[in-house]
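**Student:** Got a structure here, written out as structure tokens. Questions coming.
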Amino acid sequence: MLGAMLAAVLAVSALAGCTGSVPPQAEGAGKGVVGGAQPETTTATPAEVQLKTDTPRESPGVVAAGGPGAPYNYGPTLMADGPTSRMWWCSQYPGSPPPGDDILYAESASLDGPFTGPGGSVPPAVLSGNPGQFDGAHACDPSVIRVDGTYYQYYTGAAGDHALGNSIGLATSTDGITWQRANGGRPIVDPAHDTHRENLYGAGQPAAVYLDGWFYLMFTDTTGLAAGWNGAGQFVLRSKDPAFGSGVEALGEAGFAAVAGTNAPRTKSLVDAFSADLMWIDALNAWAIAHETADGTTITFWDRDFLRAPFQPLLIPGVWREGPGLVRRPDGHAPVSAKDPCGRVPLDVVRATVTGEAGAPTDLRRFGLDIVGVNACADPQRALTVLDGFAMPSPVRTMDLVVSGQVVRIDRRSVAQELAGHVLDTRLDVLNQFPVAARLESGTRALRAAGLGVGFLLDDGRLYPVRRAEAVIANGSSTEDVTPAQWRGYPAGPALG
């Protein structure tokens, strides 16, 4: 929400970029309905199912903030990473050059905070402007996912205070804290320039998800053909290249189609909104888009191909001043309920709730509810997806772990606890429909290769990388050192843990 003029139609003076105190935003200050528009009133078709919800919740106070001198806090992206919740968001540190927006990082054991930097420190700035480049002054609006051990941060960048100066960049990391700009430091998405409106923001506010080998990127482009009168709208690109340098497809009225590049005409907008977030919900087999409306965060649903709405929208009510960040798993999918994975989907967002002294959004708070009565495990194949990472008792007094669409049987419960995200005390009947793909017996051979880690060689002949070395100890396995070439010579199984 930086490096752009605010819409004159919002009765805001033409500002672009941050001058050291107040960050410009695509939609203005954000009070009530985004962009000044009224909430859309639509009649649900018979196919749009009304979902049931319960357990409304909100944090008792602010969950995260920058350190001394940070005048605002907004635009969060959140990752539910095992027992830790991780958050990146837009702020500004006077001591972090160059002057302009910075992206901060913090983590917490609870969504209600407090979120702090590693080890309880002040949240550090992990990405700032890159002088001389497209993002020379500002880096803001992060969206972070992790795929195969690599973190991908999509963000809005701007070189300074000029019209249509916002574009989308990409940075990568191995830990989510130390980042390297990708694509040679150049933007991966520029404004399409289909048409120019009074809102001169450009392209930004990305939201990324990884699904079935595709990187999906939803974003704002006030120059997009299908954007609203005030520039509001959400467009989608996808590619199997995280930098969107090849094989790009754009969403149009007939679905996805190959395009020459990321600045292809924006012909279909999914929702009339700025600063939205995107998530795939495996239990519903549907997309969810979080965006602000008059009374809080509205969740709008789309089918896999973005062609129809399978469910009526939901509302997470409460005060807001800027767009929401959905709490998501590392790949951008919805978290799964630890107690009721087949029947319940937790929906939580963090959003700025007040306009601070700097005239910009701040005071990040958490709001949420649960979707209930889902019955996700009625479909066996969907059940394997929903239950990924869950372990439960087997019929033969061992443990069964669901991983990457298959069942691995584990002799020791202590090992299953190291390798599973969640452990159920009662077996779910749906798992009886699937064969055991491999067995992890006590003392199973473990291999270690420099730079590649440790893995179990299971009875199906595949080498399963292990993310937690404690599992090897708990299994009573001895570790054998092998060369990287020997490691790669084994057929690869999915990573455990």
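Going left to right, the sequence shown walks through residues -16 to -1, 1 to 481 as mature numbering (1 follows the signal peptide of the UniProt record, and there is no 0) numbers them.
Idealized CB from N, CA, C, for every residue including glycine.
(1) Hey, GLY439 and TYR448: beta-carbon distance below 8 Å or not?
(2) Going by the CB atoms, is the gap between ASP315 and VAL450 shorter than 8 Å?
(3) Could you tell me the distance, in whole angstroms, from the CA atom of ILE394 to the CA atom of SER112?
(4) Run the CB neighbour count on ALA404, radius 10 Å, all protein chains shown included, and call it buried at 16 or more, exposed below.
(5) Exposed or buried, GLY197, counting other C-beta atoms within 10 Å across all chains shown (16 or more means buried)?
(6) If you follow the beta strand (DSSP E) that GLU233 is in, where does it begin and where does it stop?
(7) Can you find at least 3 beta carbon pairs, one from the stretch 82 to 92 and one from the stretch 105 to 121, that sit closer than 8 Å?
(8) Hey, LEU268 and VAL333: beta-carbon distance below 8 Å or not?
(9) Please confirm if the stretch 316 to 326 is in contact with the stretch 184 to 194, defined as three or more CB-CB distances below 8 Å between the two stretches.
(10) Within a Cβ cutoff of 7 Å, which residues of the same chain sit near residue 482, ignoring the five residues on either side of it in sequence?
(11) Where do the N-terminal and C-terminal ends of the beta strand (DSSP E) with PRO449 fall, by residue?
(12) With distances taken between CB atoms, is the gap from TRP73 to TYR58 smaller than 8 Å?
(13) Taking SER321 as the reference, which of TRP304, ASP372 and LEU298 has the closest Cα?
(14) Please report the straight-line C-alpha distance between PRO55 and GLU464, rounded to a whole angstrom.
(15) Leaving out the 5 sequence neighbours to the left and right, which residues in its chain are closer than 6 Å to THR284 when beta-carbon positions are compared?
(16) In whole angstroms, what is the alpha-carbon distance linking LEU480 and LEU209?
(17) Residues in the same chain with beta-carbon distance under 7 Å from ALA28, minus the five sequence neighbours each way, listed in chain order, please.
(18) Secondary structure at GLN470, three-state DSSP: helix, strand or coil?
(19) Check for me: the alpha helix (DSSP H) holding GLN390 runs from which residue to which?
(20) At the level of alpha carbons, what is the spacing between ARG181 and ILE152?
(21) Is LEU154 closer than 8 Å to residue 559 when the C-beta atoms are compared?
(22) Just to confirm my understanding: we take TRP471, look at its own chain, exclude 5 residues before and 5 after, and list those with CB closer than 8 Å. What are they?
(23) Here's the rule: buried if 16 or more other CB atoms are within 10 angstroms of the residue's CB, otherwise exposed. What is LYS252?
(24) Taking 6 Å as the limit between beta carbons, can you name the residues of its chain near SER43, skipping five residues before and five after?
(25) What is the rounded straight-line gap between the Cα of ALA260 and the Cα of GLN137?
(26) Here's the rule I'm using: 16 or more other beta-carbon atoms within 10 Å means buried, otherwise exposed. How should VAL220 be labelled?
**Tutor:** On the basis of the coordinates in this document:
(1) The sequence position of residue 439 within the sequence shown is 455, counting from 1. The sequence position of residue 448 within the sequence shown is 464, counting from 1. Contact: yes.
(2) As a position in the sequence shown, residue 450 is number 466, starting the count at 1. As a position in the sequence shown, residue 315 is number 331, starting the count at 1. Against a cut-off of 8 Å, the Cβ pair of ASP315 and VAL450 comes out as no contact.
(3) Counting from 1 along the sequence shown, the entry for residue 394 is found at position 410. Counting from 1 along the sequence shown, the entry for residue 112 is found at position 128. Approximately 45 Å between the Cα atoms of the pair.
(4) For the purposes of this step, residue 404 is taken as residue 420 along the sequence shown, with counting starting at 1. By the neighbour-count rule (16 or more Cβ atoms within 10 Å), ALA404 is buried.
(5) Walking along the sequence shown from the start, residue 197 turns up at place 213. So GLY197 counts as exposed.
(6) Position 249 of the sequence shown holds residue 233. Its beta strand (DSSP E) spans residues 233 to 236.
(7) yes
(8) By 1-based counting over the sequence shown, the position of residue 268 is 284. By 1-based counting over the sequence shown, the position of residue 333 is 349. In this structure, VAL333 does not lie closer than 8 Å to LEU268 by Cβ.
(9) yes
(10) Since the displayed the chain opens at -16 and closes at 481, residue 482 lies outside it and no answer follows.
(11) As a first step, residue 449 must be located in the sequence shown, where it is residue number 465. 447 to 450 is the span of the beta strand (DSSP E), which, as asked, contains PRO449.
(12) Working through the sequence shown from its first residue, we reach residue 73 at position 89. Working through the sequence shown from its first residue, we reach residue 58 at position 74. Against a cut-off of 8 Å, the Cβ pair of TYR58 and TRP73 comes out as a contact.
(13) Counted from its first residue, the sequence shown places residue 321 at position 337. For SER321, the closest of TRP304, ASP372 and LEU298 by C-alpha to C-alpha distance is ASP372.
(14) Position 71 of the sequence shown, counted from the first residue, corresponds to residue 55. Position 480 of the sequence shown, counted from the first residue, corresponds to residue 464. The straight-line gap from Cα to Cα measures roughly 53 Å.
(15) Taking the sequence shown and counting its residues from 1, the one referred to as residue 284 is at position 300. Around THR284: VAL255, ILE273 and PRO297.
(16) Residue numbering aside, residue 480 sits at position 496 when the sequence shown is read from its first letter. Residue numbering aside, residue 209 sits at position 225 when the sequence shown is read from its first letter. Roughly 45 Å between the two C-alpha positions.
(17) Position 44 of the sequence shown, counted from the start, is the residue given in the question as residue 28. With a pLDDT of 48 at ALA28, under the threshold of 50, the modelled position of this residue cannot be trusted, and the question is left open.
(18) Counting from 1 along the sequence shown, the entry for residue 470 is found at position 486. If DSSP states are grouped into helix, strand and coil, GLN470 belongs with the helices.
(19) Stepping through the sequence shown from its first residue, residue 390 is reached at position 406. From DSSP, GLN390 is part of no alpha helix (DSSP H) but of the beta strand (DSSP E) over 390 to 394.
(20) On the sequence shown, position 197 is the one that residue 181 refers to. On the sequence shown, position 168 is the one that residue 152 refers to. Rounded to whole angstroms, ARG181 to ILE152 spans 19 Å at the Cα level.
(21) There is simply no residue 559 to check, as the chain begins at -16 and stops at 481 in what is shown.
(22) Here residue 471 is taken as the residue at index 487 of the sequence shown, counted from 1. Scanning its chain for C-beta atoms nearer than 8 Å, with the 5 sequence neighbours on each side dropped, one finds around TRP471 the residues LEU431, ALA433, LEU436, GLY439 and LEU447, in chain order.
(23) Working through the sequence shown from its first residue, we reach residue 252 at position 268. Buried.
(24) Mapped onto the sequence shown, residue 43 falls at position 59. Contacts found: ASP96, ARG349 and ARG350.
(25) In the sequence shown, residue 260 corresponds to position 276, counting from 1. In the sequence shown, residue 137 corresponds to position 153, counting from 1. Roughly 16 Å separates the two Cα atoms.
(26) Your numbering for residue 220 matches position 236 in the sequence shown. Buried, by the Cβ-count rule.
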